[in-house]
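Student: First the structure, then my questions, so here it is.
Protein chains: 4
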Amino acid sequence: MVDYVQPAAAPKQVATRQALIEQYKLVRSFTEQLCEPLATEDYVVQSMPDVSPTKWHLAHVSWFWETFVLSAAQPGYTSLHPQYTYLFNSYYDSIGERHCRPRRGLISRPTVEETYQYRHYVDQHMLDLLTRIDEAQLTELTPIITLGLQHEQQHQELMLTDIKHVLACNPLHPAYLSERKHPPSSGSVPPLKWLSYEEGIFEIGHQGDGFAFDNECPRHRVFLNAFRLASRLVTNGEYLDFIESGGYSIPTLWLSEGWHTIQEQQWQAPLYWEKRDGQWHVQTLMGLRKMNWDEPVCHVSYYEADAYARWKHARLATEAEWEIAARDIPIEGNFVESGRYHPAPLASAGSDEQPAQMYGDVWEWTQSAYAPYPGYKPAPGAVGEYNGKFMCSQFVLRGGSCATPRAHVRSTYRNFFPPDARWQFTGIRLAGEV
Amino acid sequence: MVDYVQPAAAPKQVATRQALIEQYKLVRSFTEQLCEPLATEDYVVQSMPDVSPTKWHLAHVSWFWETFVLSAAQPGYTSLHPQYTYLFNSYYDSIGERHCRPRRGLISRPTVEETYQYRHYVDQHMLDLLTRIDEAQLTELTPIITLGLQHEQQHQELMLTDIKHVLACNPLHPAYLSERKHPPSSGSVPPLKWLSYEEGIFEIGHQGDGFAFDNECPRHRVFLNAFRLASRLVTNGEYLDFIESGGYSIPTLWLSEGWHTIQEQQWQAPLYWEKRDGQWHVQTLMGLRKMNWDEPVCHVSYYEADAYARWKHARLATEAEWEIAARDIPIEGNFVESGRYHPAPLASAGSDEQPAQMYGDVWEWTQSAYAPYPGYKPAPGAVGEYNGKFMCSQFVLRGGSCATPRAHVRSTYRNFFPPDARWQFTGIRLAGEV
Amino acid sequence: MVDYVQPAAAPKQVATRQALIEQYKLVRSFTEQLCEPLATEDYVVQSMPDVSPTKWHLAHVSWFWETFVLSAAQPGYTSLHPQYTYLFNSYYDSIGERHCRPRRGLISRPTVEETYQYRHYVDQHMLDLLTRIDEAQLTELTPIITLGLQHEQQHQELMLTDIKHVLACNPLHPAYLSERKHPPSSGSVPPLKWLSYEEGIFEIGHQGDGFAFDNECPRHRVFLNAFRLASRLVTNGEYLDFIESGGYSIPTLWLSEGWHTIQEQQWQAPLYWEKRDGQWHVQTLMGLRKMNWDEPVCHVSYYEADAYARWKHARLATEAEWEIAARDIPIEGNFVESGRYHPAPLASAGSDEQPAQMYGDVWEWTQSAYAPYPGYKPAPGAVGEYNGKFMCSQFVLRGGSCATPRAHVRSTYRNFFPPDARWQFTGIRLAGEV
Amino acid sequence: MVDYVQPAAAPKQVATRQALIEQYKLVRSFTEQLCEPLATEDYVVQSMPDVSPTKWHLAHVSWFWETFVLSAAQPGYTSLHPQYTYLFNSYYDSIGERHCRPRRGLISRPTVEETYQYRHYVDQHMLDLLTRIDEAQLTELTPIITLGLQHEQQHQELMLTDIKHVLACNPLHPAYLSERKHPPSSGSVPPLKWLSYEEGIFEIGHQGDGFAFDNECPRHRVFLNAFRLASRLVTNGEYLDFIESGGYSIPTLWLSEGWHTIQEQQWQAPLYWEKRDGQWHVQTLMGLRKMNWDEPVCHVSYYEADAYARWKHARLATEAEWEIAARDIPIEGNFVESGRYHPAPLASAGSDEQPAQMYGDVWEWTQSAYAPYPGYKPAPGAVGEYNGKFMCSQFVLRGGSCATPRAHVRSTYRNFFPPDARWQFTGIRLAGEV
């Protein structure tokens with residue numbers, strides 16, 4: 001049984017060997033903990049090209065340790081199997097040929113058990129290495145190890161969103177977990193208010209000692225006009241108004257590409273919404289259940305977020321606006337550690353001065369295309385492929401979700417997905433001019 | 001462990017209740033016996049649209065019993081799960097909506113264990129029924145039960161060819177079974193001779209009491225010119241000559257559609273042939289191994305069979321020619337019961353009067369398009385969809401293969417596949433004018 | 001203006017030089033005569049991959065003369081342009097590389113005028129050659145010249161069906177010609193009767209001195225059961241009954257492949273049928289007009305012909321049955337020379353002993369897959385690619401259409417198209433068991 | 001013959017009726033002038049979905065006048081044909097249903113002559129209107145008329161790039177025009193230098209009385225780091241170095257999406273480059289000719305521009321950087337009025353203080369995703385669809401090309417295309433950090 005009190009590891013840039021070892025163990029075991037509810041068969045399926053089988057995630061994150069730490073730092077290290085490099089490389093062209101992404105679900109072997117053996121083989125070597133190396137080596141390796149921990153946390157979130165998609169494809173509507181009892185919600189969501197921000201030159205991006213991905217750097221100045229930001233996320237109930245007012249059939253509300261997409265895909269509602277006997281239901285990780293209208297709307301594409309905002313005579317925030325609004329807000333919210341695995345209704349109105357729900361629940365689409373910051377330099381070598389090569393045709397999302405480890409997110413954190421992606425926990429916050 | 005001495009059931013049109021029950025048990029248990037070598041993960045994968053996951057086969061054949069026997073004959077019968085009819089209907093439009101074929105591999109549930117529970121639930125009800133009903137009912141049900149047994153045998157062969165494809169897709173080249181020791185072959189294949197047949201009016205098609213599919217009926221007269229037939233199958237070695245003489249790059253050897261297919265698919269050899277370090281290997285159910293040049297060539301499309309024949313200034317037989325040549329030959333050969341799961345080299349030249357290898361080893365492509373026999377009438381009701389609706393754009397194959405249960409095949413048996421199908425055990429026998 | 005009294009040439013195997021020259025001129029000029037109603041722009045368009053631009057047809061038939069006659073028989077002959085061989089080869093792999101078929105409509109040059117210059121260049125050289133060569137050479141060349149004439153006649157029909165498709169794609173519904181006045185029809189179609197034929201051994205296929213394509217040979221014996229044949233073609237009105245009784249939504253009426261096709265293509269009626277304000281109209285070469293229910297139904301696929309026959313508890317004839325029924329019937333009917341360019345209602349019941357409408361009006365789908373006759377040998381060299389390589393995945397049609405030159409058709413003539421083709425003038429005659 | 005001295009109209013926001021009429025006439029006649037070299041057949045072809053037939057361009061720009069001016073301002077106005085609205089609407093969903101874009105090349109009618117009749121019908125009504133209306137109406141209509149002139153100029157450029165693509169698809173390599181004599185170039189391109197710009201807050205975007213598209217508004221402040229910009233465009237010769245050093249086979253030089261694109265499309269060089277007998281040639285509007293290595297490289301995608309910049313350890317400019325660098329430079333260069341229809345080698349080094357070739361020759365890819373400016377509001381009504389709905393998955397290009405009317409371009413002008421577009425005259429200027 002998953003122990004929800006158990007927090008995911010917080011992979012900070014740590015000072016001591018022992019702390020690093022502890023973090024490694026925590027992150028690695030949390031990955032496996034997330035898999036406990038799964039049947040063996042669930043590990044195998046790839047329900048669409050964007051989704052990877054759980055089995056593949058488990059192996060790929062291990063491959064990452066092998067490739068970027070063990071092969072580099074431990075002379076004579078050999079992988080458990082000579083073909084695993086080919087099978088479990090995700091997208092690192094510098095590393096060599098790899099198995100075609102859309103075919104990950106066609107590979108029944110290694111079995112789940114063999115995949116866990118691979119994990120444990122890697123763990124054993126990693127822990128050996130971390131124990132054995134001298135302080136100088138430890139210092140040298142700490143950045144890549146920290147990256148490996150962050151990388152594994154990203155895959156923890158992907159494992160949840162991917163398995164949700166796999167289970168939702170199944171007409172039997174199986175649940176990942178049975179629903180837990182939640183404290184009764186207040187019964188109504190506080191009304192949406194607007195918070196105003198002054199114009200000015202601001203600094204955004206990462207600076208300092210803590211970990212950040214290269215795409216958060218360098219910290220740099222931007223000029224922002226005055227703007228305003230919604231005090232909370234858009235709810236299912238509010239999004240239903242958009243649907244019922246014909247939002248999906250009014251072309252002028254949509255980006256041209258979005259309009260073509262909803263025609264072609266026949267989208268009439270967010271992903272996982274399903275009407276049964278005239279009643280809206282929603283597929284969750286706890287199975288299909290009746291819609292809770294107070295929850296933040298989730299699993300919408302950028303196109304839908306943008307169209308909804310236009311319909312409300314508003315717009316999405318830029319990522320700089322979001323970051324400025326978020327920078328002083330404590331990182332609290334509905335993260336993966338809550339064990340809820342679903343966005344939660346906003347309980348209280350919060351302060352008058354700060355927006356609520358900035359962290360957790362759902363990733364917030366911004367109107368910012370994913371692009372390099374001024375002066376951006378990707379890391380040298382293969383890890384340089386981590387972020388930079390995706391800076392095209394994607395949009396930035398901010399704030400983390402109910403599937404993100406709390407320690408993984410920051411005010412400067414830039415997530416990114418193509419505008420038609422819906423299987424992540426993605427939602428909407430409105431913005432506008434003052 | 002699979003017990004190879006154990007024969008597959010011979011589902012004849014039986015007279016007694018006890019014999020029918022025994023046949024039912026034998027066929028059903030042989031299906032499960034074929035799955036014993038599989039890992040749970042192997043049951044889940046669908047490696048191409050034509051392939052079904054093993055799990056699906058196991059459930060679908062059970063669905064057949066439920067739909068055509070239990071639901072009809074046992075008042076109040078309910079399936080183990082209300083959605084299984086939707087999930088496990090293959091192509092019977094009369095039965096209702098069904099799960100889209102190419103998406104069978106996206107369904108992780110029911111699990112393998114639940115699928116076996118479904119089988120056992122059906123078995124229990126079937127055995128109850130067979131024990132309980134009176135003689136009149138038994139007589140009435142015997143034809144559909146016999147069809148169910150034949151149907152399950154067809155899926156036994158498909159399970160083997162499908163799992164072969166699944167494992168072959170895997171860069172790890174896993175084996176279904178480890179190779180068994182075979183008696184040493186004679187060292188050389190007897191030379192190909194030609195057997196001649198006189199012109200005349202002949203009767204082909206099924207007649208009499210034994211079971212046959214509706215597509216083998218009615219028995220009818222055909223006029224045949226004199227023809228000749230090769231004394232044995234084409235071997236890997238002979239096919240290699242075709243490859244090495246440039247067969248795949250000479251357009252005039254090919255049907256137009258075949259030429260386009262080999263260009264588009266970049267075929268340069270039969271399916272499962274793989275050159276490693278300059279040496280031809282072949283993927284078998286026992287894994288990847290060096291080519292045995294004396295074995296019959298296998299896993300060729302109709303296009304390749306036809307092009308090879310043209311290159312040899314010969315042709316493929318018509319199905320009527322094949323049937324006339326085969327009708328007096330005993331049904332012996334390398335069937336699934338041999339446990340070999342692969343075509344075998346021809347050991348001895350055989351008689352001067354009859355062709356060898358007519359049954360077993362590989363299905364033999366004929367030049368006959370799959371069409372209704374004169375006066376053909378499909379069975380009434382949903383089982384009428386079994387064969388007739390596929391009589392378009394396919395070719396007839398004859399004789400059974402190393403994956404066919406011996407008792408399943410007949411001289412009148414008409415198998416059929418589209419001309420580009422290669423994943424079945426399909427091979428070549430030459431024919432020509434006298 | 002097209003002179004409808006002018007008959008198309010009858011390219012028989014002629015004895016004298018002068019007759020051959022006359023035939024050459026007649027066929028060539030009829031091709032151009034068919035183009036007279038076209039605007040320059042109409043010559044350019046390729047409305048689907050199966051359709052060729054009129055400009056391409058005009059050039060391709062000239063290329064045929066160049067390639068198979070002039071280049072062979074006239075030393076030092078050079079084409080008008082070195083690239084025309086590449087551009088205007090249709091499918092002869094032996095001749096070399098060629099321009100990709102679906103891209104024929106992307107080529108604006110040569111212009112229409114240049115294309116006619118190319119034709120006239122070829123004509124001049126052909127007429128020179130025919131005048132100049134000695135009798136021995138003439139005798140030697142006569143077969144290939146005759147083939148060239150037949151080839152050009154085939155393209156005359158294709159030009160009409162292709163331009164019909166091009167114009168029908170256009171929302172403006174332009175007409176190729178304005179409608180001519182036809183004699184008033186009798187007002188009602190004679191009732192369908194059944195004609196019976198005895199079982200026996202029959203000879204079918206071509207024999208003798210007259211021209212035939214290689215696919216009509218050799219003449220050979222077939223055994224036929226007794227059968228019956230409808231006295232006339234199926235009419236639009238009868239086909240409407242099929243539509244209105246839900247024919248397109250009952251899966252058990254259809255071949256599996258046909259059912260998928262009508263779903264995917266959303267077919268609800270024959271090609272060119274169009275409902276306007278609740279009234280059925282039809283696109284003809286004379287533009288869009290109200291449906292005449294007495295005309296033979298036209299522009300149906302094999303799937304639709306087969307489904308209609310099944311709905312009527314009948315079937316399509318085999319090509320042997322059709323040929324036996326047709327062999328003694330004079331070749332008369334509604335051919336291209338009528339200038340009607342559309343199937344005509346049957347005026348009178350005709351004889352009690354012979355079916356009506358066997359020739360002309362519409363090509364009749366048979367249930368026979370297009371296959372080699374026993375002992376078939378394609379011609380040597382590149383012309384051997386004319387027919388044989390298409391003997392796969394197509395069905396035979398018999399009898400010619402309202403777009404066929406009368407002299408082009410024979411009782412042994414085998415036309416062939418894939419089962420989903422609808423843009424030819426294709427219709428339905430019912431057959432059945434006695 | 002095209003008179004190259006004749007300048008394209010300069011559609012400024014004019015004060016007087018007579019000037020407006022003159023501009024209208026000039027722009028409209030320049031459109032037709034560009035078509036003079038075409039054969040009728042050239043007007044019909046659509047060589048890929050992005051390309052429109054010339055005939056369609058001619059009609060669509062007339063439709064624009066009809067829809068946005070005549071129908072609005074002239075009571076009782078009726079189009080020349082009721083179906084033209086359907087056929088010639090490009091993408092205005094507010095106007096209604098329209099003919100599917102990729103099918104524009106399937107429509108042979110209206111003929112070219114009828115299309116010109118349509119143009120002249122519209123011209124007559126427009127000139128009537130412009131003469132007849134009172135000053136108040138004139139003032140009211142001037143903005144939409146000005147937009148119509150700008151719109152027609154945009155299509156003038158598209159007509160040239162589209163017809164170039166159509167002719168280049170043709171294996172005959174026809175030329176739009178024969179090559180004109182150009183003054184001999186200096187023989188070598190001045191070396192690339194770097195120009196530096198200080199950091200600061202800048203204003204970009206349009207302000208004032210002159211015409212601008214809505215996407216250039218509102219003028220707003222941006223903060224820019226110091227940057228540097230190349231003194232000239234990248235040449236063919238420099239790009240060849242990239243090719244020959246293996247640029248197209250080094251994955252780490254490419255955006256992930258770009259790498260997939262070049263694999264899938266098998267790009268090895270810019271569009272229209274063609275190697276013949278080991279020599280690089282290039283398809284131009286004047287036909288195929290040897291490469292001039294001094295010309296700016298052209299017909300590259302964003303992916304190629306970005307990869308080239310990365311290979312040079314540089315980057316592309318942002319659109320703000322480009323605009324700041326360009327704002328004080330006179331709008332001079334190689335525009336459509338030169339009649340050269342191809343980028344020209346840079347003759348002289350120019351000033352030390354300003355970059356050369358900022359206007360004309362080739363559109364310069366920027367690294368800025370096409371997005372709304374802060375406070376952007378699309379125009380109300382259907383013209384609001386002109387720009388805003390494309391602000392997704394495209395990149396901004398700046399500066400105009402050799403196919404752009406000189407009067408059409410501005411320092412604030414934002415052109416935009418998807419990153420894989422290559423058929424426009426698109427090139428590369430390098431930028432970088434100071």
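Residue numbers (our numbering), protein chains in the order written: chain X, 1 to 434; chain C, 1 to 434; chain Z, 1 to 434; chain G, 1 to 434. Even glycine gets a Cβ: it sits at the ideal position worked out from N, Cα and C. In this text the structure is predicted, and so the values were computed from the model without any measurement.
#1: From this set, 233(X), 358(X), 326(X), which residue's C-alpha is nearest residue 305(X)'s C-alpha?
#2: Assuming contact is defined by CB atoms lying nearer than 8 Å, are residue 325(C) and residue 111(X) in contact in what I supplied?
#3: Got a sec: is the Cβ-Cβ distance from residue 111(X) to anything in chain C below 8 Å?
#4: Indicate whether at least one CB of chain C lies closer than 8 Å to the CB of residue 233(X).
#5: Using a Cβ-Cβ cut-off of 6 Å (strictly less than) and excluding sequence neighbours within five positions of residue 57(Z), which residues of its own chain qualify?
#6: With a threshold of 8 Å between beta carbons, is residue 241(Z) in contact with chain G?
#7: Where residue 384(C) and residue 68(C) are concerned, what is the direct C-alpha to C-alpha distance, given to the nearest angstrom?
#8: Might you give, ordered along the chain, the residues of its own chain that have their beta carbon closer than 6 Å to the beta carbon of residue 329(G), omitting 5 neighbours on each side?
#9: 8 Å is my cut-off, CB to CB: does residue 83(Z) come that close to chain G?
#10: Taking the alpha-carbon of residue 302(Z) as reference, which of 338(Z), 118(Z), 83(Z), 261(Z) has the nearest alpha-carbon?
#11: Strictly below 7 Å CB to CB, what residues from chain C border residue 47(X)?
#12: How would you list, in chain order, the residues of chain G whose beta-carbon sits under 9 Å from the beta-carbon of residue 389(X)?
#13: Can you tell me the Cα-Cα spacing of residue 88(G) and residue 59(G), whole angstroms?
#14: If I measure Cβ to Cβ from residue 268(G) and keep anything under 6 Å in the same chain, skipping five residues before and after, which residues do I get?
#15: To which residues of the same chain is residue 193(C) closer than 7 Å at the C-beta, ignoring the five residues directly before and after it?
#16: What three-state label does DSSP hand residue 12(Z) in the structure shown?
#17: To the nearest angstrom, report how far apart residue 393(G) and residue 418(G) are at their CA atoms.
#18: Between the Cα of residue 74(X) and the Cα atoms of 31(X), 119(X), 131(X), which residue gives the shortest distance?
#19: Can you confirm whether the stretch 306-319 of chain Z touches the stretch 371-383 of chain Z when touching is taken to mean that 3 or more C-beta pairs between the two stretches lie within less than 8 Å?
#20: Specify the secondary structure class of residue 98(Z) as computed by DSSP and reduced to three states.
#21: Any contact of the stretch 31-45 of chain X with the stretch 106-122 of chain C, i.e. 3+ C-beta pairs under 8 Å?
#22: For residue 279(C), count neighbouring Cβ atoms within 10 angstroms of its own Cβ and tell me buried if that reaches 16, exposed if not.
#23: What does the Cβ neighbour count give for residue 239(G), buried or exposed, with the cut at 16 atoms within 10 Å?
#24: Below 8 Å, how does it come out for the stretch 398-407 of chain C and the stretch 287-294 of chain C: are there three or more Cβ pairs, yes or no?
#25: Should residue 79(G) and residue 85(G) be called a contact, given that it needs their Cβ atoms to be closer than 8 Å?
#26: For residue 440(G), is the classification buried or exposed, using 16 other Cβ atoms within 10 angstroms of its Cβ as the cut-off for buried?
Tutor: Reading it off the structure:
#1: By one-based count along the first sequence, residue 305(X) stands at place 305. Per the Cα distances, 233(X).
#2: What you label residue 325(C) is simply residue 325 of the second sequence in a count that begins at 1. What you label residue 111(X) is simply residue 111 of the first sequence in a count that begins at 1. Cβ distance not < 8 Å, so residue 325(C) and residue 111(X) don't count as in contact.
#3: The residue labelled residue 111(X) in the question sits at position 111 within the first sequence. With 8 Å as the cut-off, residue 111(X) counts as an interface residue toward chain C.
#4: Here residue 233(X) is taken as the residue at index 233 of the first sequence, counted from 1. No, residue 233(X) lies away from the interface with chain C (no Cβ there is under 8 Å from its Cβ).
#5: Along the third sequence, read from residue 1 onward, the residue named residue 57(Z) stands at position 57. Contacts found: 155, 159.
#6: Within the third sequence, the letter at position 241 stands for residue 241(Z). No, residue 241(Z) does not count as interfacial toward chain G.
#7: Mapped onto the second sequence, residue 384(C) falls at position 384. Mapped onto the second sequence, residue 68(C) falls at position 68. Straight-line measurement puts the Cα of residue 68(C) at about 12 Å from the Cα of residue 384(C).
#8: For the purposes of this step, residue 329(G) is taken as the residue at position 329 of the fourth sequence. Taken in chain order, the residues that qualify are 354, 358.
#9: Position 83 of the third sequence holds residue 83(Z). Yes, its Cβ sits closer than 8 Å to a Cβ of chain G.
#10: Taking the first residue of the third sequence as 1, we reach residue 302(Z) at position 302. Checking every option, the nearest Cα to that of residue 302(Z) belongs to 261(Z).
#11: Reading the first sequence from its first residue, position 47 is the one you call residue 47(X). Within chain C, the residues near residue 47(X) are 106.
#12: Reading the first sequence from its first residue, position 389 is the one you call residue 389(X). The contacting residues are 251, 252, 254, 255, 256, 257, 258, 259.
#13: The residue labelled residue 88(G) in the question sits at position 88 within the fourth sequence. The residue labelled residue 59(G) in the question sits at position 59 within the fourth sequence. Going from the Cα of residue 88(G) to the Cα of residue 59(G) covers about 6 Å.
#14: Residue 268(G) sits at position 268 when you count from the first residue of the fourth sequence. Taken in chain order, the residues that qualify are 248.
#15: Counting from one through the second sequence, the residue named residue 193(C) turns up at place 193. Excluding sequence neighbours, residue 193(C) sits near 231.
#16: In the third sequence, residue 12(Z) corresponds to position 12, counting from 1. Per-residue confidence for residue 12(Z) stands at a pLDDT of 47, beneath the threshold of 50, marking its modelled position as unreliable; no derived number is given.
#17: In the fourth sequence, counting from the first residue as 1, residue 393(G) sits at position 393. In the fourth sequence, counting from the first residue as 1, residue 418(G) sits at position 418. Going by the C-alpha atoms only, they are around 6 Å apart.
#18: Within the first sequence, residue 74(X) is the residue found at index 74, counting from 1. When each option's Cα is compared against that of residue 74(X), the closest is 131(X).
#19: The answer is no - the stretch 306-319 of chain Z does not touch the stretch 371-383 of chain Z, with fewer than three Cβ pairs under 8 Å.
#20: The residue you call residue 98(Z) lines up with position 98 of the third sequence. Residue state, collapsed to three classes: coil.
#21: yes
#22: Start at 1 with the first residue of the second sequence, and residue 279(C) comes out as number 279. Counting Cβ neighbours within 10 Å, residue 279(C) comes out exposed, since fewer than 16 surround it.
#23: The residue labelled residue 239(G) in the question sits at position 239 within the fourth sequence. With 16 or more other Cβ atoms within 10 Å, it is buried.
#24: Cβ pair count under 8 Å is below three, so no.
#25: For the purposes of this step, residue 79(G) is identified with residue 79 of the fourth sequence, where counting begins at 1. For the purposes of this step, residue 85(G) is identified with residue 85 of the fourth sequence, where counting begins at 1. Yes, Cβ-Cβ distance for residue 79(G) and residue 85(G) is below 8 Å.
#26: There is simply no residue 440(G) to check, as chain G begins at 1 and stops at 434 in what is shown.
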